[in-house]
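What follows is one structure encoded as structure tokens, with my remarks underneath.
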Amino acid sequence: MRMSRQLGVTLRQAPAGAETPGHQLLLRGAYLRQLGQGIFSYLPYAVRVIRRIEQIMREEMEAAGGVELSMPLAQPGELWKRSGRYDKIGPELLRFSDRRDRPMVLALTHEEVTASLAASEVQSWRQLPRLVYQIQLKFRDDPRPRAGLIRTREFTMKDAYSLDRDERGLDLQYDRLHQAYLAIFARCELPVLAVEADVGVMGGSEAREYMYLSPIGEDTLVLCDSCGYAQNRQVARAARPEVPDEKPEALERVSTPGTTTIESLTGHLAIPASKTAKVVFEATSDGRFVVGVVRGDMQVNETKLANAVSAAELRPMTADEIAAIGCVPGYASPIGVGNRATVVVDEIVAESHNLVAGANEEGFHLRNTNFGRDYDADFITDLTAVEEGQPCVVCRSPLRTERGVEVGNIFKLGTSYADTLGAYFLDEDGTEKPIVMGSYGIGVGRLLACIAEANHDEGGLSWPAAVAPFAVHLCAIGEEGLEAAARIERRLQSSGIDLLVDDRGERPGVQFTDAELIGCPLLLTVSKRSLASGGVEAKARKPLGAEAQILAEEDLVAWVRAKLPERFASRGT
RNA sequence: CGGGGCGUGGCGCAGCUUGGUUAGCGCGCCUGCUUUGGGAGCAGGAGGUCCCGGGUUCGAAUCCCGGCGCCCCGACCA
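Taking our numbering, the leading residue of the first sequence gets 88, the next gets one more, and so forth.
Structure representation (structure tokens):
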């Protein structure tokens, strides 16, 4: 590509609002422009990086047995009503009407269409297993896009769906996709950590997320350095503390004026927070009230609470709603709530004796509350949020937390989509069974953004060879340089080497700084001076400021191929 | 959705508190001359509904009201 034909100019200063280094450099380097909140145009350089990433994904998906197809972005709302997600998913699902006033949605993922295709195409166990994938736009009307491409509303995703006869088949594909994903990220040179994750609105039984560790990440990961335990904080567990073995004592009402927090309560009664219980009030989107109870020294993990009551999402209850179930904020407990709310008690609380809890009366608490005697629960489960330093559930070493960006995920979906959308097949034994599905996604733009975050220096971007927009950036300086550059361009291109030629006639300094900013792995300079010394100045982008060597034009192709083996070797070729 | 911030030529910003001549600066852009290996110099020039709508006023970028857009924190989330 000739730089003189490029649409988009490099910027000396990043537009205000670009916060992360990667986002700033993608804007400055003329890769990216923002059109609206969470909506971006990809300029020619970015498109080339995306093509490289997508090619890697295609190769690895094909190697995993996948076949590529393409499913629509705009879909009938009816389909989503059948799966139940039309009502389950909130405003992130963009809904609109077509000209005949029929409900439509922009897909934020493609389980429904896949199941619908499976229903019509798969009749026999002989047609299973299958793995389909696509690289497709998605739209998710996110309440808060951020950090450039890290979180957008419109985004391209490589999504794949597995279809199997049974759980065993799903397990096999799930493991195969895990390996494929590790291969994709490795080839993109993005370090990722696979962590166990919550299944969320996707439904299903098991999920894993691929995390690029970075402070700009929005997920908190719980890690154990000694045994390798790694889970998203949404599902992570710590080892449970010892619960003292006590005999239940008699319930006692005590005056505790002005103690609406655990801190003030423990101070007033001179007891540790671990001898108290506290309560959170949440409501589900279908109107159920939920009371969660954890020990006073612990925090509620909302994801766990939502999962306990099979709710897609929770919102805090209003003061009126709390009063309606007989509770008093600050002096609350599940005692007396009865069936006015779903009570979920953390397992540690359920095992503990004689905790101090609210009396549901302004200014009063109760000593010696005991689960089972004084109140009951609809569910007993782990509700606690893991904190840094707590002992690992596996090996009891202190846990560490870290931020991460989720660049990919894999889900075992099970049969829920097949059941709701009628995707059944006739098994070998003559019985009709639902197809067992898995779902596997990688955000293409987010992956590009993470690679940019992970690969830059003071000079600008510095792409891994496998995904760089061009293998070579050639600066043509002066009349002699331009003439030689045309020759070099023909020579490299005829050998299958893609290059960006800076033929703008800018001053050398401008060309050099732009070359470093754009970040192609190999930098060539041709000029009157270099020609006089015998050819072309050549050096790698990394490390910044490396000494260049002079190469004869006829040696360039061999040099490039030797420097970038990963770019010219693709899987299976 | 709650809290905070911002909106002035392509980009970055000043001006607004205390209303008052032609709305400024840096970068970029155009023309000419000089220069030509690390973001050139000189000279000349183009380019602005000061986010939008209302209001106050003799007069609004500036004050008031309403709206829109974007960013950050939180809630939420592939």
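Where a beta carbon is used, it is the ideal one built from N, C-alpha and C, also for glycine.
- Contact between Thr307 and Thr488 holds, since their C-beta atoms are separated by about 5 Å, short of 8 Å.
- In its chain, beyond the 5 residues on either side, Val209, Leu250, Asp251, Arg252, Gly256, Phe512, Ile522 have a beta carbon closer than 8 Å to the beta carbon of Leu215.
- Per DSSP, Thr518 lies in no beta strand (DSSP E) segment and is marked neither H nor E.
- Contact between the segment 147-166 and the segment 566-577 is absent: fewer than three C-beta pairs spanning the two stretches fall below 8 Å.
- Taking a cut-off of 8 Å for Cβ pairs, the segment 96-103 and the segment 113-122 touch, as three or more such pairs fall below it.
- Annotation for Ile143: no beta strand (DSSP E) segment contains it, though the alpha helix (DSSP H) segment containing it runs 131-150.
- In the three-state scheme derived from DSSP, where H, G and I count as helix and E and B as strand, Ile303 is classed as coil.
- Restricting attention to Glu141, Tyr129, Glu198, Ser184, the CA atom closest to the CA of Thr507 is found in Glu198.
- Within the same chain, Ile140, Ile143, Leu534, Ile538, Pro551, Ala553, Val554 come within 8 Å of Cys275 by CB-CB distance, once the 5 residues on both sides are set aside.
- Annotation for Gly568: the continuous alpha helix (DSSP H) segment containing it runs 565-581.
- In the three-state reduction of the DSSP assignment, Phe272 falls in the helix class.
- Boundaries of the alpha helix (DSSP H) harbouring Phe599: 595-605, taken from the DSSP string.
- Taking a cut-off of 8 Å for Cβ pairs, the segment 621-628 and the segment 603-612 touch, as three or more such pairs fall below it.
- The segment 403-418 and the segment 437-457 touch, with no fewer than 3 CB-CB distances between them shorter than 8 Å.
- Ranked by Cα distance from Ala205, the first of Arg217, Ala194, Leu195, Thr196 is Arg217.
- Among the bridge pairs identified by DSSP, Ala325 is matched with Cys479.
- Membership of Asn455 in any alpha helix (DSSP H) is not indicated; the residue belongs instead to the beta strand (DSSP E) covering 451-456.
- A distance below 8 Å separates the beta carbons of Leu356 and Thr343.
- Between Leu442 and Thr363, the CB-CB gap stays under 8 Å.
- Beyond the five residues adjoining it in sequence on each side, Leu156 comes within less than 6 Å, by CB distance, of Val219, Gln221 in the same chain, given in chain order.
- A buried status is given to Lys391, since no fewer than 16 other beta-carbon atoms sit within 10 Å of its beta-carbon.
- Burial state of Asn394 is buried, judged by a 10 Å Cβ sphere holding 16 or more other Cβ atoms.
- Within its own chain, no residue has a Cβ closer than 6 Å to the Cβ of Arg213 once the five positions on either side in sequence are excluded.
- Sorting Gly530, Val559, Ala410 by C-alpha distance to the C-alpha of Ser582 places Val559 at the top.
- Of the residues assessed, Ala247 falls on the buried side of the cut-off, its CB having 16 or more other CB atoms within 10 angstroms.
- Looking from the CA of Ala326, the closest CA among Gly109, Glu165, Ala536, Pro478 belongs to Pro478.
- Per DSSP, the beta-bridge partners of Asp246 are Gln221, Gly528.
- The beta carbon of Gln260 sits closer than 7 Å to those of Pro216, Leu218, Ser249, Asp251, Gly525, all from its chain and outside the five residues before and after it, given in chain order.
- When DSSP assignments are scanned along the segment 168-237, the uninterrupted stretches of alpha helix (DSSP H) that are 4 or more residues long and fall wholly within it turn out to be 172-175, 198-208.
- Assignment of Tyr511 by DSSP, reduced to helix, strand and coil, places it in the strand class.
- If you look at Pro652, you'll find it in the alpha helix (DSSP H) that goes 652-655.
- The three-state secondary structure of His440, taken from DSSP, is coil.
- For His543, the beta-bridge partners assigned by DSSP are Leu548.
- Apart from sequence neighbours up to five positions away, the residues of its chain that approach Lys615 with a beta-carbon distance below 6 Å are Gly565, Glu567, ordered along the chain.
- Under the three-state reduction of DSSP output, Leu160 falls in the coil class, being neither helix nor strand.
- Taking every protein chain shown into account, the CB of Val481 has fewer than 16 other CB atoms within 10 angstroms, so this residue is exposed.
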